[in-house]
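Position one of the sequence shown corresponds to residue 1 (the UniProt record's numbering), numbered consecutively onward.
Cβ atoms here follow ideal geometry from the backbone N, Cα and C, with glycine treated the same way.
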Amino acid sequence: MEQQQDQRLVILDTETTGMPVSEGHRIVEIGCVEVIGRRLTGRHFHAYLQPDRESDEGAIGVHGITDAFLVGKPRFGDVADEFFEFIQGATLVIHNAAFDVGFLNNEFALQGQHDRADITQHCTILDTLMMARSRHPGQRNSLDALCKRYGIDNSGRELHGALLDSELLADVYLAMTGGQTSLSLAGDGAGAEDGQGSAGSEIRRITGRAPGRVIVASEEELAAHAERLAAIAKSAGGPAMWQALTEAPAS
Numbered sequence: 001m002e003q004q005q006d007q008r009l010v011i012l013d014t015e016t017t018g019m020p021v022s023e024g025h026r027i028v029e030i031g032c033v034e035v036i037g038r039r040l041t042g043r044h045f046h047a048y049l050q051p052d053r054e055s056d057e058g059a060i061g062v063h064g065i066t067d068a069f070l071v072g073k074p075r076f077g078d079v080a081d082e083f084f085e086f087i088q089g090a091t092l093v094i095h096n097a098a099f100d101v102g103f104l105n106n107e108f109a110l111q112g113q114h115d116r117a118d119i120t121q122h123c124t125i126l127d128t129l130m131m132a133r134s135r136h137p138g139q140r141n142s143l144d145a146l147c148k149r150y151g152i153d154n155s156g157r158e159l160h161g162a163l164l165d166s167e168l169l170a171d172v173y174l175a176m177t178g179g180q181t182s183l184s185l186a187g188d189g190a191g192a193e194d195g196q197g198s199a200g201s202e203i204r205r206i207t208g209r210a211p212g213r214v215i216v217a218s219e220e221e222l223a224a225h226a227e228r229l230a231a232i233a234k235s236a237g238g239p240a241m242w243q244a245l246t247e248a249p250a251s
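Right under this line is the structure:
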């Protein structure tokens, strides 16, 4: 999916009492961060929610949100309007979107807000798990695995947390969809008015200049460069393609 520079993204995650939603499980935490123009804006939505049921031990082991902690927290109905206003019209970026969307639809339905009980009618959904599986087939594509693959620091993620995970997912998504956005060498002037603004500007040769001085790297600089390449290869799970080709033995 090609992201427009002014596109509003909401990176979203939830934590629940367990799964599946069809067995009456509920949301206990929602976390969202806003991205516009490939930059975090600082706006976010975050809430812990009283689910009116106990959480499974397995779920508590994942997110650490106990039943006692949730006593006195707002219920989904208390934050539904504010949450819907935050996500409405945005592209929701979610890891394993079917899980979170199913729970969110259920929460709106339980409030009798059936016009909101299918958030795909109000938002575009982008599933980063599906995106990662397409880009990295046969590899682990959990959020932790993607953080490692793209060199994103997730050392503070001892337990899952909706707001922390949405912040990490924002970094992962931007890394997955990053790189150069334009290789155009077009000039700004000629052709702009007649629809040919993308035409390249004329190449001008510079003559009469003395050749530049060649500075050869020292042994220390070469060693530091090799160390840096090794660190990048470890983080990426393998050497860069150009490095593998240049170091390949001659046939």
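Residue i vs residue j beta-carbon contact at 8 Å
i	j	result
His-63	Leu-159	yes
Asp-81	Gly-37	no
Asp-13	Asp-165	yes
Gly-77	Val-21	no
Ile-65	Glu-15	yes
Closest residue to residue i among the options (Cα-Cα distance)
i	options	result
Ile-125	Gln-113, Gln-50 and Leu-92	Leu-92
Asp-100	Asp-81, Leu-129 and Phe-69	Leu-129
Arg-39	Ala-170, Glu-82 and Leu-229	Ala-170
Gly-121	Met-131, Leu-104, Tyr-173 and Leu-146	As written in the sequence, residue 121 is Gln, which differs from the Gly given in the question. Minimum Cα distance to Gln-121 is reached at Leu-104.
Asp-144	Ala-117, Asn-154 and Met-131	Asn-154
Arg-116	Ala-224, Phe-84 and Pro-20	Phe-84
Residue i classed as buried or exposed, judged by whether at least 16 other C-beta atoms fall within 10 angstroms
i	result
Thr-167	Checking the sequence shown, residue 167 turns out to be Glu, not Thr. Result: buried.
Ser-55	buried
Ala-162	buried
Ile-215	exposed
Gly-31	buried
Phe-69	exposed
His-114	exposed
Pro-51	buried
Val-71	exposed
Cα-Cα separation between residue i and residue j, rounded to whole angstroms
i	j	result
Arg-26	Arg-53	8 Å
residue 279	Thr-17	Given that the chain is displayed from residue 1 to residue 251, the structure contains no residue 279 and the question cannot be resolved.
Glu-29	Ala-226	45 Å
Gln-111	Leu-49	14 Å
Val-10	Leu-174	12 Å
Ser-201	Arg-135	Unreliable placement is indicated for Ser-201, whose pLDDT of 42 sits below 50; the coordinate value is still reported in the next sentence. Going from the Cα of Ser-201 to the Cα of Arg-135 covers about 36 Å.
Glu-220	Arg-133	40 Å
Whole-angstrom C-beta distance between residue j and residue i, which should lie under 8 Å
i	j	result
Glu-57	His-44	Their Cβ separation, rounded to whole angstroms, is 29 Å, which puts Glu-57 and His-44 out of contact at 8 Å.
Ala-97	Arg-8	Going by Cβ atoms, the distance from Ala-97 to Arg-8 rounds to 17 Å, so no, they are not a contact pair.
Met-176	Tyr-150	7 Å
heavy atom of the ligand FAD below 7 Å from residue i C-beta
i	result
Glu-85	The ligand content of the structure shown is nil, which means the ligand FAD is not present either.
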